[in-house]
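Notes follow the structure.
There are 2 protein chains.
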Amino acid sequence: MVINIPSISESEWEVMNILWNHSPLTANEVIASLQESTDWKPKTIRTLLDRLVYKNVVGVNKDQKVYTFYPLYSQDECQRAETESFVKRIYGGALKSMLVQFIQEETLSDEDIKELRSILDKKPDEK
Amino acid sequence: MVINIPSISESEWEVMNILWNHSPLTANEVIASLQESTDWKPKTIRTLLDRLVYKNVVGVNKDQKVYTFYPLYSQDECQRAETESFVKRIYGGALKSMLVQFIQEETLSDEDIKELRSILDKKPDEK
DNA sequence: TTAATAAGATTACATTTGTAGTCTGACTAC
DNA sequence: GTAGTCAGACTACAAATGTAATCTTATTAA
Chain A
1 MVINIPSISE SEWEVMNILW NHSPLTANEV IASLQESTDW KPKTIRTLLD
51 RLVYKNVVGV NKDQKVYTFY PLYSQDECQR AETESFVKRI YGGALKSMLV
101 QFIQEETLSD EDIKELRSIL DKKPDEK
Chain B
1 MVINIPSISE SEWEVMNILW NHSPLTANEV IASLQESTDW KPKTIRTLLD
51 RLVYKNVVGV NKDQKVYTFY PLYSQDECQR AETESFVKRI YGGALKSMLV
101 QFIQEETLSD EDIKELRSIL DKKPDEK
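Going down the list, the sequences are from chains A and B.
At position 55 of the first sequence the residue is numbered 55 (full-length UniProt numbering), and the sequence of numbers has no breaks.
At position 16 of the second sequence the residue is numbered 16 (full-length UniProt numbering), and the sequence of numbers has no breaks.
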């Protein structure tokens, strides 16, 4: 079954990344964490959190006085969903085109390449 | 130098894909082409075209009575730019994570894998 | 006990995007 | 020459997003 994950905006992804890294967290913890990488005001981050809750992408623990927040989907799920729609839009669905383009870039270290090759080598027999 | 390409929205990408496929095209040609894959009204498509022109992503030929439109950036440039920001947001910049995740998917054929491997094999020496 | 504080709830407002519709002026078929 | 048509210009309007500020209420420090 294909889960339908609500759409997560660019800024909201930053918040999700924090929560996937560690959760549950209070709003203040999320704010503290994001203040290292962004210059968003606390209220802004709080709004993003609230919207994620409203969208049912993040859950809230209201047991304690100060709420804590946690993701309702795994990072992996969300990455896959997002990447699928991305690849469709940008590469006409041809995942391979994208891989080819990016393997040819400078971005990968020799280590990375070694690892990728070993993954590829294992691949065809798995069917 | 890193070119800064204006941001292209999801619907606008559909239009760009048409123009990269073949250009220059009149608005009506773009409309005809998109009407096969979408159910957008002609005026909607025209608006998208106009916005792309406004954003300086598409150029216009006003020599003839009926304008023709053409991309101002190559598909490759745009794909790279978009993918870079995408990978940063979704995979924290770790292109490799994404590659690993998708190489492990079912989505690739044996042929694809063979091709990817041959690209990887050529890679490390190029430095 | 009273005033400051802090968390959560509510409200705000501009920009971008999706999705068109109306207005205008030139050309075209009678 | 007059009415319809069509391209382009301009206008519209709701939802999503970015980016917060204000209001309310409970707790805390003096």
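Using N, Cα and C, we set each Cβ at its ideal position, and we do this for glycine too.
Local Cβ density within 10 Å of residue i, reported as buried at 16 or more and exposed below that
i                      : result
A:Q64                  : exposed
B:K62                  : exposed
B:K88                  : exposed
B:Q35                  : exposed
residue 134 of chain B : The structure shown does not extend to residue 134 of chain B, since chain B is modelled only from 1 to 127, so the question has no answer here.
A:D110                 : exposed
A:V57                  : buried
A:K96                  : buried
CB contact check: residue i to chain A, cutoff 9 Å
i     : result
B:T5  : For clarity, residue 5 of chain B is Ile in the given sequence; the question names Thr instead. Output row for B:I5: interface = no.
B:V13 : Looking at the sequence shown, residue 13 of chain B is not Val but Trp. Judged by the 9 Å Cβ criterion, B:W13 is in contact with chain A.
B:G59 : no
Residue-level contact to chain B via CB, residue i, 9 Å cutoff
i                      : result
A:I31                  : no
A:E77                  : no
A:D112                 : yes
A:R117                 : yes
A:R46                  : no
residue 146 of chain A : Residue 146 of chain A is absent from the model: chain A starts at 1 and stops at 127.
A:L95                  : yes
Closer than 9 Å at the beta carbon, the chain B residues around residue i
i     : result
A:E10 : S85 and R89
Three-state class that DSSP yields for residue i in the structure shown
i      : result
A:T47  : helix
B:Y91  : helix
A:T107 : coil
A:T68  : strand
Chain-ordered neighbours of residue i on chain B, where CB pairs are closer than 8 Å
i      : result
A:I103 : L99, L116, I119, L120 and K123
Under 7 Å from the C-beta of residue i: neighbouring residues of chain B
i     : result
A:N17 : G92
Is there contact here, the segment 9-19 of chain A with the segment 78-92 of chain B, by at least three beta-carbon pairs under 8 Å?
A contact exists between the segment 9-19 of chain A and the segment 78-92 of chain B.
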